[in-house]
DNA sequence: CCTGAGCGG
């Protein structure tokens, strides 16, 4: 599960995000995308944890909270794409439906 | 990189 973190301060870094999310669980992965042309931070990030239950807790607690002067917008991120592409199909993951 | 859109490779 990946967490989408929006409305971030441009001064925020991956390490800062890791510390903040580490309060709710061990951070497995951090992603801080930037614009491919200028390299400027777009003000959002992606955080992944080892325990999904901790992610849900972090989302509910950090969403709407103020951080570095900006109100955090935390939500579950869209899955970028399945890593499989060869002949394959969609993942057999259990859908929410 | 000096910026404000919310979803990346």
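Residue numbers (full-length UniProt numbering): 1 to 97. Beta carbons: idealized from backbone N, C-alpha and C, even for Gly.
By a beta-carbon distance limit of 8 Å, residue 55 contacts residue 25. Their separation comes to about 7 Å. Here residue 50 is actually not in contact with residue 4; their C-beta atoms are around 18 Å apart, not less than 8 Å. In the DSSP assignment, residue 41 falls outside any alpha helix (DSSP H) and carries neither an H nor an E.
The C-alpha of residue 68 is placed about 31 Å away from the C-alpha of residue 81. Per DSSP, residue 54 is one residue of the alpha helix (DSSP H) stretching across 52 to 62. Apart from the 5 residues on each side of it in sequence, residue 65 sits with its Cβ closer than 6 Å to the Cβ of 72 in its chain, given in chain order.
The C-beta distance from residue 8 to residue 39 rounds to 16 Å, too long to fall under 8 Å, and the pair is not in contact.
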